[in-house]
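In terms of this note's numbering, the sequence shown opens at residue 3 and continues consecutively. Glycine included, C-beta positions come from ideal geometry on N, C-alpha and C. Source: prediction; values computed, not measured. Below: the structure, in structure tokens.
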Amino acid sequence: MNKTIAIILAAGRGTRMKSGTPKVLHKILGKPMISYVTGAVSRAAIRDMVVVTGFGSDKVKEFFYGTKIKTVAQKRLLGSANAVDAAKREIGSSSDVLVVYGDTPLITEDTLKSLIERHKSSGASLTLLTATLKNPSGYGRIIRDTDGRITKIAEDSEAREYKKEIREINVGTCIFTRSALFIALKEIGCDNSKREYYLTDAVKILSARALKVESIAVENLDEMTGINSRIELAAAVNVMKTRIMEELMASGVTIQDPATTTIYPDVSIGEDTVIYPNTIIESDVKIGSNCHIGPFARLRGGTRIGDKVEIGNFVELVRTGVAESTKVKHHTYLGDARVGKNVNIGAGTITANYDGKNKNRTFIGDGSFIGVGAILIAPVKIGKKALVGAGAVILRGTSVKDGATVVGVPAKILRRRAGDRRRGDRR
Ligand code: UD1
Ligand code: CA
3 MNKTIAIILA AGRGTRMKSG TPKVLHKILG KPMISYVTGA VSRAAIRDMV
53 VVTGFGSDKV KEFFYGTKIK TVAQKRLLGS ANAVDAAKRE IGSSSDVLVV
103 YGDTPLITED TLKSLIERHK SSGASLTLLT ATLKNPSGYG RIIRDTDGRI
153 TKIAEDSEAR EYKKEIREIN VGTCIFTRSA LFIALKEIGC DNSKREYYLT
203 DAVKILSARA LKVESIAVEN LDEMTGINSR IELAAAVNVM KTRIMEELMA
253 SGVTIQDPAT TTIYPDVSIG EDTVIYPNTI IESDVKIGSN CHIGPFARLR
303 GGTRIGDKVE IGNFVELVRT GVAESTKVKH HTYLGDARVG KNVNIGAGTI
353 TANYDGKNKN RTFIGDGSFI GVGAILIAPV KIGKKALVGA GAVILRGTSV
403 KDGATVVGVP AKILRRRAGD RRRGDRR
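Structure (structure tokens):
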């Protein structure tokens with residue numbers, strides 16, 4: 003069957019991160035860097051993936067536990083060929099094997115698709131992703147013969163002087179036919195200065211057998227960046243932020259100051275919504291159209307915002323729904339709340355959603371008005387068109403009826419005499 007499996011190499015120690023956490027689990031916008039790699043691979047329509055773990059193996063395995071992605075441990079870190087060898091049994095009947103390094107989170111599905119496409123259309127036994135760099139030091143160099151055919155990769159540590167002038171380098175991402183990979187794995191040795199089994203030695207082995215080695219060049223150099231230090235991690239975060247925001251802006255969202263705005267992956271925002279400076283929007287947030295968000299707002303996971311909503315400065319929302327045309331404009335925390343439409347949440351309103359053990363929910367009905375500085379100790383239910391006085395403390399378990407007014411500490415229902423005007427007639 004014509005099926006491709008991906009092997010993702012993630013055993014390396016990542017010494018330069020200076021961390022107890024395996025390098026590939028360091029986060030970019032809330033998600034481990036390796037999840038960007040597996041995401042790109044899966045969007046390139048590859049379903050079978052094996053991650054090779056080594057340093058901090060248990061933590062990496064735990065991250066993938068319960069997903070469709072398999073993990074295998076490389077017992078000793080003897081080099082990239084040895085790492086692929088550790089995953090050999092998982093290859094099964096797949097016809098092609100894509101190899102990607104777990105520390106290249108900026109690789110895109112488009113590049114992976116082009117690589118696979120070139121591999122299949124050219125009938126090569128191995129197709130490499132390459133790049134041409136001003137400063138190629140540190141990378142394996144692509145060595146070609148006079149006809150331009152790739153004959154070898156010279157690792158940096160092995161490269162002699164003349165090879166240092168070669169600026170075409172091996173990115174690391176490559177795809178083998180199954181049979182070519184098995185031939186190479188059998189023959190690769192460790193006769194080099196590091197005594198490691200280099201996967202890149204496959205090139206000279208295959209080319210010596212007159213098997214075709216192809217390449218495509220990566221168009222955007224960001225994509226090939228391997229993350230080795232926390233400085234490179236921060237640079238990758240910036241690239242990812244820019245990608246996410248440019249996509250949103252192209253879809254009709256105004257972002258006033260991208261430099262101070264952070265938007266995580268898996269966020270959807272409707273047309274004509276404006277994001278003001280210093281706003282942070284984390285993953286799993288959906289925002290409607292024509293909203294104003296920020297400045298200085300923080301929207302966390304599970305937040306759902308309808309159309310024409312205004313979320314102002316120093317407002318934090320988590321696992322909270324806010325329906326259309328509602329205003330939450332200043333200094334507010336709403337957690338595990340469901341707020342109806344046309345509600346006004348006064349400045350400084352706080353839901354006390356956590357009682358030390360459980361997270362409890364708050365419901366606020368359509369058209370209600372919550373006065374400044376109100377504290378709602380969840381679970382709390384406020385009916386429609388209700389009024390909560392400024393500074394009121396609503397105790398847990400309270401249910402305020404539709405149209406009622408509550409005030410004070412603790413909040414009590416304000417009794418009305420017969421003939422009082424109904425709320426809504428006033429103000
Ligand atoms: C590697 C390539 C080099 C390329 C460069 C691009 C080899 C031999 N060389 O060099 O041609 O230009 O990447 O960044 O592959 N790994 C394991 N187990 C091991 C050793 C490595 O899983 O025993 C994994 C690492 O976690 C990493 C990848 O393989 O994801 C590459 O290994 P690394 O040691 O970083 O190779 P480089 O010297 O950077
Ligand atoms: Ca590396």
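Any non-hydrogen atom of ligand 2 closer than 7 Å to residue i Cβ
{"i": "residue 228", "result": "yes"}
Of the residues the options, the one placed nearest residue i, counting alpha carbons only
{"i": "residue 141", "options": "124, 127, 167", "result": "167"}
{"i": "residue 170", "options": "290, 60, 226", "result": "226"}
{"i": "residue 320", "options": "353, 145, 347", "result": "353"}
{"i": "residue 94", "options": "136, 180, 124", "result": "180"}
{"i": "residue 71", "options": "41, 304, 311", "result": "41"}
{"i": "residue 20", "options": "14, 232, 402", "result": "232"}
{"i": "residue 395", "options": "361, 247, 380, 342", "result": "380"}
{"i": "residue 339", "options": "364, 74, 326", "result": "364"}
{"i": "residue 374", "options": "348, 387, 66", "result": "348"}
{"i": "residue 410", "options": "188, 335, 392", "result": "392"}
{"i": "residue 228", "options": "326, 109, 257, 324", "result": "109"}
{"i": "residue 37", "options": "65, 23, 282, 58", "result": "65"}
{"i": "residue 387", "options": "398, 372, 289, 267", "result": "372"}
{"i": "residue 152", "options": "126, 310, 136", "result": "126"}
{"i": "residue 325", "options": "301, 367, 331, 297", "result": "367"}
{"i": "residue 357", "options": "344, 376, 382", "result": "382"}
{"i": "residue 210", "options": "193, 272, 234, 185", "result": "185"}
{"i": "residue 91", "options": "413, 183, 398, 400", "result": "183"}
{"i": "residue 220", "options": "403, 249, 117", "result": "117"}
{"i": "residue 398", "options": "123, 360, 194, 252", "result": "360"}
{"i": "residue 236", "options": "35, 4, 22", "result": "35"}
Cβ-heavy atom distance, residue i to ligand 1, below 7 Å
{"i": "residue 12", "result": "yes"}
{"i": "residue 513", "result": "The requested residue 513 is not part of the displayed model; the chain covers only 3 to 429."}
{"i": "residue 56", "result": "yes"}
{"i": "residue 85", "result": "yes"}
{"i": "residue 171", "result": "yes"}
{"i": "residue 202", "result": "yes"}
{"i": "residue 82", "result": "yes"}
{"i": "residue 191", "result": "no"}
{"i": "residue 141", "result": "yes"}
{"i": "residue 103", "result": "yes"}
{"i": "residue 174", "result": "yes"}
{"i": "residue 1", "result": "As displayed, the chain neither begins before 3 nor continues past 429, which places residue 1 out of reach and without an answer."}
{"i": "residue 258", "result": "no"}
Contact belief for residue i with residue j at Cβ below 8 Å, rounded distance in angstroms
{"i": "residue 30", "j": "residue 239", "result": "5 Å"}
{"i": "residue 130", "j": "residue 255", "result": "Their Cβ separation, rounded to whole angstroms, is 38 Å, which puts residue 130 and residue 255 out of contact at 8 Å."}
{"i": "residue 284", "j": "residue 308", "result": "That pair is no contact at about 19 Å."}
{"i": "residue 159", "j": "residue 196", "result": "6 Å"}
{"i": "residue 75", "j": "residue 96", "result": "Not a contact, Cβ separation roughly 21 Å."}
{"i": "residue 10", "j": "residue 81", "result": "Contact flag wrong, Cβ pair sits at about 16 Å."}
{"i": "residue 337", "j": "residue 315", "result": "About 18 Å; that fails the 8 Å criterion."}
{"i": "residue 136", "j": "residue 145", "result": "The Cβ separation is near 19 Å, so there is no contact."}
Contact under 8 Å by Cβ, residue i with residue j
{"i": "residue 27", "j": "residue 56", "result": "no"}
{"i": "residue 51", "j": "residue 8", "result": "yes"}
{"i": "residue 102", "j": "residue 175", "result": "yes"}
{"i": "residue 279", "j": "residue 305", "result": "no"}
{"i": "residue 45", "j": "residue 111", "result": "yes"}
{"i": "residue 328", "j": "residue 341", "result": "yes"}
{"i": "residue 208", "j": "residue 128", "result": "yes"}
{"i": "residue 39", "j": "residue 113", "result": "no"}
{"i": "residue 187", "j": "residue 83", "result": "yes"}
{"i": "residue 2", "j": "residue 378", "result": "One cannot answer for residue 2 here, as it falls past the ends of the chain, which runs 3 to 429."}
{"i": "residue 54", "j": "residue 24", "result": "no"}
{"i": "residue 290", "j": "residue 317", "result": "no"}
{"i": "residue 224", "j": "residue 241", "result": "yes"}
{"i": "residue 204", "j": "residue 218", "result": "no"}
{"i": "residue 32", "j": "residue 335", "result": "no"}
{"i": "residue 86", "j": "residue 201", "result": "yes"}
{"i": "residue 282", "j": "residue 257", "result": "no"}
{"i": "residue 344", "j": "residue 385", "result": "no"}
{"i": "residue 274", "j": "residue 177", "result": "no"}
Contact with chain B by residue i, beta-carbon distance below 8 Å
{"i": "residue 23", "result": "You won't find chain B in this structure, because it holds only one protein chain."}
Exercise for the section: Jot down the residue ranges of each uninterrupted beta strand (DSSP E) in the stretch 358 to 400, minimum 3 residues, whole runs only, in chain order. Expected result: 364 to 366, 377 to 379, 382 to 384
Problem - 4-residue-minimum alpha helix (DSSP H) runs that sit fully inside the stretch 21 to 83, ordered along the chain - result: 35 to 45, 59 to 66
Handout entry: Start-end ranges of the beta strand (DSSP E) lying completely within the stretch 261 to 316, minimum 3 residues
Key = 269 to 271, 287 to 289, 299 to 301, 305 to 307
Exercise for the section: Identify every run of the alpha helix (DSSP H) within the stretch 193 to 267, keeping only runs that are complete inside it and at least 4 residues long; order them along the chain. Expected result: Runs of the alpha helix (DSSP H) inside the stretch 193 to 267: 204 to 210, 232 to 252.
Exercise for the section: Could you name each continuous beta strand (DSSP E) segment of 3 residues or more that falls completely within the stretch 146 to 175, going from the start of the chain to the end? Expected result: 152 to 156
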